[in-house]
Amino acid sequence: MNSKVVQFRVSEKAHKRLADCRVRLRSHTVKPNLDMILNAILENMTLADFDHYTKGLVSANNARSKLEKMLSEGRITQVQMNELIANLDKKS
Numbered sequence: 537m538n539s540k541v542v543q544f545r546v547s548e549k550a551h552k553r554l555a556d557c558r559v560r561l562r563s564h565t566v567k568p569n570l571d572m573i574l575n576a577i578l579e580n581m582t583l584a585d586f587d588h589y590t591k592g593l594v595s596a597n598n599a600r601s602k603l604e605k606m607l608s609e610g611r612i613t614q615v616q617m618n619e620l621i622a623n624l625d626k627k628s
C-alpha cells in the first residue's frame, strides 16, 4: 500500500467532528486515529457526495472571484470588499 503524509489545518467544526468520530469508534472498542477516520471517509465518499458537500464552497469561491473583479475594475472599494467577504464567510 502506498501512503503519503499530508498536513493540513482543520477548522473548529471539523475538529469537533473528528473528536465525535473518535468517541464513536472507541464505543465500538476500536482505537481510532486521524488517518483511519479520514481514510474511511475518503475511500467511501462518492463524487456525488463530494459535490453535495462542497456546493457552498464552490458558490462562495465564485462570489469571491466576482468581488475581486469588481474591486480591480474600481466598482467597489477595499472596505466594501472586506465587508462583503466577511458576509460570505459567515454564510459558508
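Each residue of the sequence shown is one higher than the last, beginning at 537 in this note's numbering.
Each residue gets a CB set at the ideal place from its N, CA and C atoms; glycine is no exception.
**Item:** Cβ contact (3+ pairs, closer than 8 Å) linking the region 612-625 and the region 595-603
**Value:** Contact holds: three or more Cβ-Cβ distances are below 8 Å.
**Message:** Using only CA atoms, which one of ASP625, HIS564, LYS540, LEU554 lies nearest to LEU593?
**Reply:** For the residues ASP625, HIS564, LYS540, LEU554, the minimum Cα distance to LEU593 belongs to ASP625.
**Prompt:** With DSSP run on the structure shown, which of helix, strand or coil describes ARG545?
**Reply:** Reduced to three states, the DSSP call for ARG545 is coil.
**Item:** Three-state secondary structure (DSSP) of ILE612
**Value:** Shown here, ILE612 sits in coil according to DSSP, grouped into three states, outside any helix or strand.
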